[in-house]
Every structure is written in C-alpha cells, then in structure tokens.
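Engineer: Take this structure first; my questions come after.
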Amino acid sequence: MATAKPSMDKVFAQLLSADDQQVLDALVTVQAQGDARAIRPMLHALTDVDDGGRRRKEKAMLYQVKVPGAVPELLAALDEEALRNERRTILSAFWNAGLDVREHLEEFVSCAIEGDAAECLECLTVIENQEIWPEKAVRTSVLRVGKASEREDDPYKAGLLAELREHLNERLGK
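In structure tokens, the structure reads:
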C-alpha cells in the first residue's frame, strides 16, 4: 500500500511552524513535490528565522527555483509588505536561479530606485545577468535611472545607479 502524499497546503502551513524540525521536514517535501506556490510560504518562513542552518537551506532552495510560474510569484513577493525585509533574498533568487525576466525590466529598475543600496546592487546584478531586454524598456529605464542617480543622497547608491545607467546604455550600443 502506497503512502499518501501530504497535502501541499498542510506542507505550506508546516513551513510557518515554530518547530524547526517540522519546517525542515516541510522543506524536504517542497523540494520533492513543490511548485511555484511554495515560493511565498518559504519566504514568509524566512521572515522569522534565527537559525542560520535553516535559513541557508531555504535560501539555497530559492536560489535554485526553476519551476514554471516562479517569476510571477517572486515578483508578487517583491511587492508584499510582509516580505519587505526579504527583498534582497527575493532579488538574489532571480539571478541565482537564472530566471528569464526579460519582460520585467521596469520592475527591477523601480526596485533599484526605490530600495536601499543593497537592493539596488541586487537589481543591478539581475539586470546585468539577463541576456536580452526589450529596447524600448531599456531606453525608458536609462532616463529613469539617470534622473534617480542625480537625486540620490547616498553616494554609494548614486554610484550603483550610475553604473546601472551605464550598463543599460551599453545595451543600446552607446
């Protein structure tokens, strides 16, 4: 007699457990049977984690996520206020997993402009690692990033925005 597979809803709830072993067991199930729906519960589980080993395991799984629907889930997570402190992790997942985000340049540029310097750096990395961007989106982004870098008070972030603008200009052959 075959063992019944656990309901993914129960597994997602287990990810939010205060019991580290339950969370680790849920991560094993997610890794074996999960889909894009597991992304946000995993990110929510990260928000309360103090255990470095558990955090590393969850992040390692996110950094390898290649399931269909991962991009929309991660983009939605970027806008979720409860996940605000995990934005660097979310952004890192895009480039670590090598996800195709070519239709979302505006979202990454907005995040680079609105976020802190660390988020800006992650956005720069995502943008640099994407092979193809639509030309119109690149042209619009060059203007937005140029204006933002001139207004930025943090010299480090202003430098990152200037580097982003330079990279986008290179994409245009300038």
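No gaps in the numbering here: position 20 of the sequence shown is 10 in this note's numbering, and each next residue is one more.
Glycine is no exception: its CB is placed at the ideal position from the N, C-alpha and C atoms.
Name the residue from Ala148, Arg161, Glu109 and Thr79 whose alpha carbon lies nearest to the alpha carbon of Leu33.
Structural biologist: Taking the first residue of the sequence shown as 1, we reach residue 33 at position 43. Checking every option, the nearest Cα to that of Leu33 belongs to Thr79.
Engineer: Run the CB neighbour count on Leu133, radius 10 Å, all protein chains shown included, and call it buried at 16 or more, exposed below.
Structural biologist: The count along the sequence shown starts at 1 and reaches residue 133 at position 143. Exposed: under 16 other Cβ atoms inside 10 Å.
Engineer: Please report the straight-line C-alpha distance between Ala148 and Ala102, rounded to a whole angstrom.
Structural biologist: Here residue 148 refers to the residue found at position 158 of the sequence shown. Here residue 102 refers to the residue found at position 112 of the sequence shown. Ala148 and Ala102: Cα-Cα distance of roughly 10 Å.
Engineer: Since Leu154 contacts Ile122 with CB under 8 Å, what's their CB separation in whole angstroms?
Structural biologist: Sequence index remark: in the sequence shown, residue 154 carries index 164 (1-based). Sequence index remark: in the sequence shown, residue 122 carries index 132 (1-based). About 17 Å separates the two Cβ atoms, so there is no contact after all.
Engineer: What number of angstroms, rounded off, separates the C-alpha of His157 from the C-alpha of Ser131?
Structural biologist: Indexing the sequence shown from 1 puts residue 157 at position 167. Indexing the sequence shown from 1 puts residue 131 at position 141. For His157 and Ser131, the distance between alpha carbons rounds to 11 Å.
Engineer: In chain order, what residues of the same chain lie with their CB nearer than 7 Å to the CB of Arg44, ignoring the 5 residues before and after it?
Structural biologist: Numbered from 1 along the sequence shown, position 54 holds the residue referred to as residue 44. These residues qualify, in order along the chain: Asp10, Val13 and Leu14.
Engineer: Would you mind stating whether Gln97 and Leu65 have Cβ atoms separated by less than 8 Å?
Structural biologist: Within the sequence shown, the letter at position 107 stands for residue 97. Within the sequence shown, the letter at position 75 stands for residue 65. Here residue 97 is Glu; the residue named in the question, Gln, does not match the sequence. Cβ atoms of Glu97 and Leu65: closer than 8 Å.
Engineer: Quick one: using the 10 Å Cβ neighbour count with 16 as the cut-off for buried, is Arg141 buried or exposed?
Structural biologist: One-based indexing of the sequence shown puts residue 141 at position 151. It is exposed - the Cβ of Arg141 has fewer than 16 other Cβ atoms within 10 Å.
Engineer: Quick one: what does DSSP say Ile117 is sitting in, helix, strand or coil?
Structural biologist: Locating residue 117 in the sequence shown gives position 127, counting from the first residue. In the structure shown, Ile117 sits in a helix (DSSP, three-state: H, G or I).
Engineer: Is Glu97 helix, strand or coil when you go by DSSP?
Structural biologist: The residue given as residue 97 occupies position 107 in the sequence shown. Secondary structure at Glu97: helix, using DSSP grouped into helix, strand and coil.
Engineer: If I'm right that Glu63 touches Ala26 with Cβ under 8 Å, what's the distance once you round it to whole angstroms?
Structural biologist: The count along the sequence shown starts at 1 and reaches residue 63 at position 73. The count along the sequence shown starts at 1 and reaches residue 26 at position 36. 5 Å between Cβ atoms; contact.
Engineer: Can you tell me the Cα-Cα spacing of Ala86 and Ala50, whole angstroms?
Structural biologist: If you number the sequence shown from 1, residue 86 lands on position 96. If you number the sequence shown from 1, residue 50 lands on position 60. At residue 86 the sequence reads Asn, which differs from the Ala that was named. Near 9 Å, if we compare the C-alpha coordinates of Ala50 and Asn86.
Engineer: Going by Cα to Cα distance, which pick from Val128, Val99, Glu125 and Ala127 is closest to Leu114?
Structural biologist: Locating residue 114 in the sequence shown gives position 124, where the first residue counts as 1. The candidate whose alpha carbon is nearest that of Leu114 is Val99.
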